[in-house]
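Quick note on the numbering used here: the sequence shown kicks off at 87 and runs consecutively.
Scroll down for the structure; my scribbles are underneath it.
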Amino acid sequence: MKIIDAKVVVTSPGRNFVTLKLTTDEGLTGLGDATLNGRELAVVSYLEDHVAPLLLGLDPHRVEDTWQYLYRGA
């Protein structure tokens, strides 16, 4: 199984909320909250430009490996 799509979703029920939606090649979907109060649009840009491209092709079961990969700057 691998991640094939990463989309950033912004909703605005009074203030912006940022969610990252990941989809696997087996059709599973995962959601993660990525909101930073007052800087939501900066979070959107960072996720789209830097995080989402790095997640494509990774195994979603390897959470700790993925965390370390992103934390150490890929």
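Just so you know, even glycine gets a beta-carbon here, dropped at the ideal spot from N, CA and C.
Quick caveat, the model's predicted, so the values are computed rather than measured.
Range covered by the alpha helix (DSSP H) that runs through residue i
i           : result
residue 105 : Unbroken run through residue 105 is the beta strand (DSSP E), 103-110; no alpha helix (DSSP H).
residue 133 : Premise fails: residue 133 is in no alpha helix (DSSP H) and is neither H nor E.
Check: residue i C-beta below 7 Å from any heavy atom of the ligand FAD
i           : result
residue 113 : Because no ligand of any kind appears in the structure shown, any question about the ligand FAD cannot be addressed here.
Nearest to residue i (by Cα), restricted to the options the options
i           : options               : result
residue 139 : 114, 155, 125 and 97  : 155
residue 89  : 152, 157, 123 and 158 : 152
Rounded distance between the beta-carbons of residue j and residue i, thought under 8 Å
i           : j           : result
residue 141 : residue 102 : Not quite, the Cβ-Cβ distance comes to about 22 Å (not below 8 Å), so this is no contact.
residue 133 : residue 94  : 5 Å
First through last residue of the beta strand (DSSP E) which encompasses residue i
i           : result
residue 97  : 89-97
residue 115 : 115-119
Same chain, Cβ closer than 6 Å to residue i, five either side skipped, listed in chain order
i           : result
residue 104 : 96, 120, 121, 126, 129 and 130
residue 147 : none
Classification of residue i by the beta-carbon crowding that lies within 10 angstroms, buried from 16 upward
i           : result
residue 117 : exposed
residue 106 : buried
residue 108 : buried
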